[in-house]
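S.K.:
Below, the structure written as structure tokens:
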């Protein structure tokens, strides 16, 4: 009895188990897409296990977005039995073509661009942002802007926005169609200085690249990206510009978190994209699968015969019909077909999204803030913490004041009055990185900064009194200074040594080396002796061949008919030997060969001696070939001062070096600090003054200086000073700012 009931239950359950409909979906994607991503990942989260519908996506990757490829792909999908088409990131210009084929083939069409249509089978998943843009333009009170777009319908989008704004509409200063970020950046840089507002109808990637390139222009821009995005990516990390974006997802939703977690488990980490972890195409395709699943579930209940029909193998694309019923019931407009990561899946009569909301995100180089949201029901709602559209500092676009001190090679003044040196180059690079404008000025009193009579002087004092915004110089980081100002990251670490006078015996006079100077390598007497030796050996060679080497002469006469060892031939053989060249004369007698061997040995030693003398002459011609370092170390010279009283060693008056020696825990450094206090005439006011004192001292004065600066002076003409090896201590140079400066984060992040 029990077994009979079990069989009856299985028989009743069998129709439900076998009633699953496998619906083929054609997913059309462009070049560079991943078939596995489009088929498995985009569609693996939308199914309902209790439903009788199973979606089977088939990815069609086309090499180019053109009419011919679209027609081939759509017909191929129809022949394979596709019941719907989903176009992933297709260009809007092909929407009308796809729409016509959707109506002709009776195939539902799902696009990811907001394209209005009278085709009841066409759905646009991406929300339209025209009304949201109009509300944001009114909030920002833009009176003018420049428009940049990259698609064919960009100009139509601009006309729609201006029409919805009504009168008075903002003035469009300029508009440009750019195919990449380079073209858009070149257009924006040519805009007048008072035009800093950009309305963008481009991709998020192109907008971010554009603002990265504009960060080096030294101008502040504010842009609004019309095209909505999913998970917002931070734009430029440099400059002072701001980019406002619309996001169609709520990053705090549980559905999005679940989708992101499951996406990571499916994704091939070796092929992970460089941009977003979860791309916008995945979000839209996921919602497309949920929407189609809901629609075909409804269709299976009302018109099950349409899903059971098979497609013949010899189907004609132009005479094909999917068998979908002539009713809009499966894609009811104004009815929620489901809920996805982009919100309620509800569409109006033209197939566009409705009942949705958009988050308004402001992207700056230092933050990514949600400032409010927009919905088609309530309009624009901003949070209480909304920043003003453009801060007062950005409106004025004032340059940042940078203070330095005239110290070679950090900051020097040219004859025309302009500034050059390491600090000027540093500020120039800082401009390229941050996009801000900087104005370099020289400290008024010429001091680095010491605390005297209850107040700071020099560059530190100007920072404390807000007379400057930033100090970039050879300013040493110390604990005392750090209590009054803020030091950023160090840009240079070096040692502390001495610059001393170069003794006169190390100085060399330069000599001239002309075209015939090679003859002056040897004195005239030596040249006469070599000439006499050549003539003597030529005569000896001829004599040997004449009276002793008769066989050589006989063989030469028999073979050539001439006497090779004539007086001229003997001289030619001799000169060939000294020049190391073959003369065609080969002695054969034993005596003649001995003489030739001796002559070759003599010529070899002459050549070696001449090359050595010539090398020495060339070295003597160089005017500055000796080392720029002194023979004594810095510690040895300091010991000579403390024990013998000479040479005198000075520092910058009131500088950090003087404070280091006065407050040092090392006994002989502290003794030197006491020496500086007891001899107020030893310190110098500037480095240039100190170097001049070293040059005029004749070796009786040395000066404490940073190693890089001392090497600079040692290698600078007239090269009459030396840098000592060995460091007293090491120190760091760093940009300095006011403790309450808003630039701290900007400078420290570079």
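Numbering (mature numbering (1 follows the signal peptide of the UniProt record, and there is no 0)), first residue to last: -20 to -1, 1 to 730. Even for Gly, the Cβ is constructed at its ideal location relative to N, Cα and C. Keep in mind that this is a model prediction, so the values were computed, not measured.
Kindly list the residues whose CB is nearer than 6 angstroms to the CB of residue 106, restricted to its own chain and excluding five residues on each side of it in sequence; keep chain order.
M.R.: 92, 93, 94
S.K.: Could you tell me if residue 62 is buried or exposed, where buried requires 16 or more neighbouring beta carbons within 10 angstroms of its beta carbon?
M.R.: buried
S.K.: From what residue to what residue does the alpha helix (DSSP H) around residue 276 run?
M.R.: 260 to 282
S.K.: Looking at the secondary structure, which residues open and close the beta strand (DSSP E) in which residue 181 lies?
M.R.: 177 to 181 is the span of the beta strand (DSSP E), which, as asked, contains residue 181.
S.K.: Taking Cβ to Cβ, would you say residue 169 is nearer than 7 angstroms to residue 202?
M.R.: no
S.K.: Near residue 540, which residues of its chain fall below 6 angstroms by C-beta distance, leaving aside the five closest residues on each side in sequence?
M.R.: At residue 540 the pLDDT is 49, less than 50, meaning the model places this residue with poor confidence; the figure from the coordinates comes in the next sentence. If we look at residue 540 and ignore the five residues flanking it on each side, it has no Cβ neighbours.
S.K.: Following the continuous alpha helix (DSSP H) through residue 718, name the residue where it begins and the one where it ends.
M.R.: That residue, residue 718, is in no alpha helix (DSSP H); it is neither H nor E in DSSP.
S.K.: Residue 357 lies in the beta strand (DSSP E); which residues open and close that run?
M.R.: Residue 357 -> no beta strand (DSSP E), and no H or E assigned at all.
S.K.: Can you have a look at residue 445 and say buried or exposed, based on whether 16 or more other CB atoms are within 10 angstroms of its CB?
M.R.: Answer is exposed; the Cβ neighbour count stays below 16.
S.K.: How many Å lie between residue 449 and residue 418 at the Cα?
M.R.: 10 angstroms
S.K.: Can you say whether residue 585 is buried or exposed, counting buried as having 16 or more other CB atoms within 10 angstroms of its CB?
M.R.: exposed
S.K.: Near residue 54, what residues of its chain come up, given a Cβ to Cβ distance below 6 angstroms and the 5 sequence neighbours on each side ignored?
M.R.: 81
S.K.: Is DSSP giving residue 385 helix, strand or coil here?
M.R.: coil
S.K.: Starting from residue 203 and walking both ways along the beta strand (DSSP E), at which residues does that stretch end?
M.R.: Its beta strand (DSSP E) spans residues 202 to 205.
S.K.: So what does DSSP say about residue 340, is it helix, strand or coil?
M.R.: strand
S.K.: With a floor of 3 residues, list each beta strand (DSSP E) that falls wholly inside the stretch 615 to 645, ordered by position along the chain.
M.R.: 628 to 630
S.K.: I think residue 208 touches residue 228, with their Cβ atoms under 8 angstroms apart; what is that distance to the nearest whole Å?
M.R.: 5 angstroms
S.K.: Alpha carbons only, please: which of 412, 270, 436 is nearest the one belonging to residue 37?
M.R.: Answer by Cα proximity: 270.
S.K.: Put residue 105 into one of helix, strand or coil per three-state DSSP.
M.R.: coil
S.K.: Going by the DSSP bridge assignment, what does residue 38 pair with across the sheet?
M.R.: 6
S.K.: Go through its chain and collect everything with a Cβ distance to residue 212's Cβ below 6 angstroms, but skip five positions before and after it.
M.R.: 225, 227, 341
S.K.: Could you have a look at residue 674 and say whether DSSP puts it in helix, strand or coil?
M.R.: helix
S.K.: For the candidate residues 222, 221, 223, 263, whose alpha-carbon lies nearest to that of residue 237?
M.R.: 263
S.K.: Hey, quick one: how far does the beta strand (DSSP E) through residue 91 stretch, first residue to last?
M.R.: 89 to 91
S.K.: With distances taken between CB atoms, is the gap from residue 692 to residue 379 smaller than 7 angstroms?
M.R.: no
S.K.: Between the Cα of residue 7 and those of 33, 83, 57, spot the shortest distance and give me the residue it belongs to.
M.R.: 57
S.K.: For residue 475, which three-state DSSP category applies?
M.R.: strand
S.K.: Identify, in the order they occur along the chain, each residue of the same chain with its Cβ nearer than 6 angstroms to the Cβ of residue 320, setting aside the five sequence neighbours on each side.
M.R.: Excluding five sequence positions before and after residue 320, the CB atoms of its chain that fall closer than 6 angstroms to its own CB belong to 267, 270, given in chain order.
S.K.: For residue 579 and residue 517, which I take to be in contact (beta-carbon distance under 8 angstroms), what is that distance rounded to the nearest angstrom?
M.R.: 5 angstroms
S.K.: Do residue 690 and residue 474 come within 7 angstroms of each other at the CB atom, strictly closer than that value?
M.R.: no
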